[in-house]
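Sequential numbering of the sequence shown, starting at 1, is according to our numbering. Glycine included, C-beta positions come from ideal geometry on N, C-alpha and C.
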Amino acid sequence: MTTLQTVFAKAKADNRAALVGYLPAGFPSKDGAVAAATTLVEAGCDVIEIGLPYSDPLMDGPTIQDAVHRSLVNGTRIADVMRTVEGVAATGAATLVMTYWNPIDKYGAERFARDLADAGGAGTITPDLTPEESEPWRAASAGAGIDTVFLVAPSSTDQRIKAVVDCCTGFVYAASLMGVTGARESVNAAAEGLVQRTRAHTDLPVCVGLGVGTGAQAAEVAAYADGVIVGSAFIRRMLDAPDEAAGRDSIAVLARDMSKSVRR
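1. Can you look up G123 in the DSSP assignment and give me helix, strand or coil?
2. Cα separation between A195 and V206?
3. Pull up the distance between the alpha-carbon of P53 and that of D203, whole angstroms please.
4. Find the nearest neighbour of A201 within the set T214, C167 and A223, judged by alpha-carbon distance.
5. Helix, strand or coil for G75, going by three-state DSSP, please let me know.
6. Among residues of its own chain, excluding the 5 on either side of M82, which ones have a beta-carbon nearer than 6 Å to its beta-carbon?
7. Going by alpha carbons, who is nearest to S259 out of M238, A117, I229 and T148?
8. Are there 16 or more other CB atoms within 10 angstroms of the CB of G32, so buried, or fewer, so exposed?
9. May I have the straight-line CA-CA distance separating G182 from G21, to the nearest angstrom?
10. Give the single residue among V149, Y224 and P62 whose Cα lies nearest to the Cα of V262.
11. Does the count of Cβ pairs from the segment 228-242 and the segment 1-14 closer than 8 Å reach three?
12. In whole angstroms, give me the CA-to-CA distance for D128 and A140.
13. Between the alpha carbons of S134 and S250, how many angstroms are there, rounded?
14. What whole-angstrom Cβ distance do F171 and V152 have, given they're in contact under 8 Å?
15. Which residue wins for smallest C-alpha separation from E220, given the options R197, R199, E192 and G231?
16. Tell me the rounded alpha-carbon separation between I78 and D46.
17. What does DSSP give as the partner residue(s) for D166 in the beta ladder?
18. Hey, how far is the Cα of Y100 from the Cα of V253?
19. Could you work out which residue in A13, S232 and D158 is closest to D66 when comparing CA atoms only?
20. Taking the C-alpha atoms as reference points, what is the distance between I48 and A37?
21. Under the assumption that D147 contacts G123 (Cβ atoms under 8 Å), give the Cβ distance between them as a whole number of angstroms.
22. Using the three-state DSSP reduction, which class does A87 fall into: helix, strand or coil?
23. Apply the 10 Å Cβ neighbour rule to F8 and answer buried if 16 or more other Cβ atoms are within range, or exposed otherwise.
24. Ignore the nearest five residues each way along the sequence and tell me which others in T91's own chain have a CB closer than 6 Å to its CB.
25. If I follow the unbroken beta strand (DSSP E) through M98, where does it start and stop?
26. What are the complete beta strand (DSSP E) segments, minimum 3 residues, inside the segment 35-68?
27. State the Cα-Cα distance for the pair S71 and R160, rounded to the nearest angstrom.
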């Protein structure tokens, strides 16, 4: 397993931000998800977030919702998510699962953490798990040796940021805006201020996600953040492609552009 600490230390030594790519398990197919994520790694992504498909998303915009729906129709289950993690982790990229809390709770926290670690997973991002309710999951994760990542937002007070980062290991996910995922014409100007406010409370890397869809936007975020998170832009290209191979070719072009762009 490649750890997040190793990834961010290397990126810092290279004087660049880390590039983090997101794709849901089971999309465009179960095997296709591993192939697509592997393409992203080969094109320059340092970290891969594997989304656990969920029927009632809270922060996912229409592009990710479409992909996740297709994944669920494909019959994707948690066992498939773990197999996806195993396949992606074999590339050498640090591999996370991004999931809402209910699937972990239903599966069993200790079991989920153990199975994820056994698959080579580096940790989880749990966007709807609050600090006040996170202690059992943090304990299970620590016991399994995996990281926990939580989100801060532009609306977060300094007190709230402190509470969130105290629950984080690996890195802190800074949501650039108040809204759902999706590539946008520009990255919210509030993102840079959020990163600065977050760094006042932690030495962990701070990564920015939501709204990054072009190389120019990746470069803009890389100028002030430790990592750039891209999801919808990759998925949109997969959705628009005539077949899986063409989709992989398309996301490779974008990932290579972004990989160059995050170098300061």
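On the basis of the coordinates in this document:
1. In this structure, G123 counts as strand in the three-state DSSP scheme.
2. At residue 195 the sequence reads Val, which differs from the Ala that was named. Distance between the alpha carbons of V195 and V206 is about 6 Å.
3. Inter-residue distance for P53 and D203 is about 31 Å (C-alpha atoms, whole angstroms).
4. Per the sequence presented here, residue 201 reads as His, with Ala not at that position. The residue among T214, C167 and A223 with its C-alpha nearest the C-alpha of H201 is C167.
5. DSSP places G75 outside both helix and strand once states are collapsed to three, so it counts as coil.
6. So the qualifying residues of the chain are D115 and A119.
7. Per the Cα distances, I229.
8. So G32 counts as buried.
9. With a pLDDT of only 43 at G182, under the threshold of 50, the placement of this residue in the model should not be trusted; the figure read from the coordinates follows. Rounded to whole angstroms, the separation of the alpha carbons of G21 and G182 is 13 Å.
10. Of V149, Y224 and P62, the smallest CA-CA separation from V262 is found for Y224.
11. The segment 228-242 vs the segment 1-14: no contact.
12. The alpha-carbon atoms of D128 and A140 are separated by roughly 17 Å.
13. A direct Cα-Cα distance of roughly 38 Å separates S134 from S250.
14. Between F171 and V152 the beta-carbon gap is near 11 Å, outside 8 Å, which marks them as no contact.
15. Among R197, R199, E192 and G231, the Cα nearest to that of E220 is on E192.
16. Rounded to whole angstroms, I78 and D46 show a C-alpha spacing of 24 Å.
17. Per DSSP, none; premise fails for D166.
18. Cα-Cα distance, rounded: 30 Å.
19. Cα-wise, what sits closest to D66 is S232.
20. About 7 Å.
21. Right, the Cβ-Cβ distance comes to about 3 Å (below 8 Å), so this counts as a contact.
22. In the sequence as displayed, the identity of residue 87 is Gly instead of Ala. Note: G87 maps to helix in three-state DSSP.
23. Taking a 10 Å sphere around the C-beta of F8, we find 16 or more other C-beta atoms and assign the residue as buried.
24. Same-chain partners within the cutoff: T38 and V41.
25. First-last of the beta strand (DSSP E) with M98: A94 to M98.
26. Runs of the beta strand (DSSP E) spanning 3 or more residues and lying entirely within the segment 35-68 occur at 47-51, in chain order.
27. Looking at the two C-alpha atoms, the distance is approximately 34 Å.
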